[in-house]
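Structure record follows, encoded as structure tokens.
Numbering (the working numbering), first residue to last: 25 to 288.
Structural data, given as structure tokens:
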């Protein structure tokens, strides 16, 4: 019997949890990385109780420098068949007012950690001639995002990086997919607004075009299995991703700002 192993960062909740369930259904053994040890324990028990797989959990803050190297040292003896770089968070506010420490953590997580972990695991995949990588980006990747400037910029990086290496890897047996969902009903909004004074935001104020996490994860998962390079769930989101290409950028940027202000 062939043993398949998948590694998921941010794997204990939200989209990461949904990816874990999909992989468990397909009989992948799992390595779940998350900052929340209690959620990891709960997810491990649930998945092992319901599927004939083994779940290894590692509690780690992947926004800390060198966390990718530390993680790889722990798992390097296990061939990884699927890597899902899912961990991430957002931050709302004017750039000159937000906390640099939080933004530095975001940049490290979304860009440095994800890129380095991909590099570390990708080498083994190429040597074995097989493997799949799914990177989490966002609909935010397609335009500038006032009031969430660092988040939008980091997601643009992830889109560009993923498309580039997907092209490089043609013919190797390894594929890279970048998932770009729009608004999704997870705890993301709560984290986005946690440092905004006097705000307690647990869900989007704009209720239109919000997707369920299980549907978004399934769309991205299927795209990954097909080796599709860019996956944008939803017809309306595909339309929105195209608009900045034909609309003056200052107008697109102004629209995004209005949406952000309304949503908080």
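Glycine included, C-beta positions come from ideal geometry on N, C-alpha and C.
Please read all numbers here as calculations on a predicted model, not as lab measurements.
Which value, in whole angstroms, describes the spacing of the CA atoms of residue 121 and residue 28?
46 angstroms
CA-CA distance, residue 89 and residue 132?
7 angstroms
Does the region 261-278 touch the region 192-211, meaning 3 or more C-beta pairs lie closer than 8 angstroms?
yes
Can you tell me whether residue 123 is helix, strand or coil according to DSSP?
coil
For residue 36 versus residue 77, is the C-beta spacing smaller than 8 angstroms?
no
Measure the beta-carbon distance from residue 199 to residue 190 and round it to whole angstroms, keeping in mind my assumption that it falls under 8 angstroms.
7 angstroms
Hey, would you say residue 169 sits closer than 8 angstroms to residue 111, going by beta carbons?
no
Terminal residues of the continuous alpha helix (DSSP H) containing residue 164?
Premise fails: residue 164 is in no alpha helix (DSSP H) and is neither H nor E.
In whole angstroms, what separates the C-alpha of residue 235 from that of residue 159?
18 angstroms
Which ranges does the beta strand (DSSP E) cover as unbroken runs of at least 3 residues, wholly within the region 170-208, from first to last along the chain?
198-203
Note down the Cα distance separating residue 68 from residue 176, rounded to an integer number of angstroms.
32 angstroms
Tell me, please, which residues DSSP counts as bridged to residue 155.
198
Looking at C-beta atoms only, is the number of pairs between the region 95-105 and the region 113-128 that lie closer than 8 angstroms three or more?
no
Under 8 angstroms between C-beta atoms of residue 113 and residue 130
yes
Contacts around residue 277, its chain only, beta-carbon distance under 7 angstroms, and the 5 residues preceding and following it disregarded:
167, 168, 170
Excluding the 5 residues flanking residue 154 on each side, which residues of the same chain have their C-beta closer than 8 angstroms to its C-beta?
105, 197, 198
Cβ-Cβ separation, residue 201 to residue 128 (assumed contact under 8 angstroms), whole Å:
Contact doesn't hold; Cβ gap of about 28 angstroms is too wide.
To the nearest angstrom, how far is it from the Cα of residue 181 to the Cα of residue 109?
14 angstroms
Buried or exposed by the 16-neighbour rule on C-beta atoms within 10 Å, applied to residue 195
exposed
Anticipated Cβ contact below 8 angstroms, residue 237 with residue 42, distance rounded:
5 angstroms
Can you give the Cα-Cα distance for residue 257 and residue 249, rounded to whole angstroms?
15 angstroms
First and last residue of the alpha helix (DSSP H) that includes residue 264?
259-270
Spell out the partners DSSP gives residue 79 in its beta bridges.
54
Exposed or buried, which one is residue 93 when buried takes at least 16 other CB atoms within 10 Å?
exposed
Give the DSSP-derived three-state secondary structure of residue 29 in the structure shown.
strand
Residues bridged to residue 106 (per DSSP)
30, 156
Does residue 278 come out as helix, strand or coil in the three-state DSSP assignment?
helix
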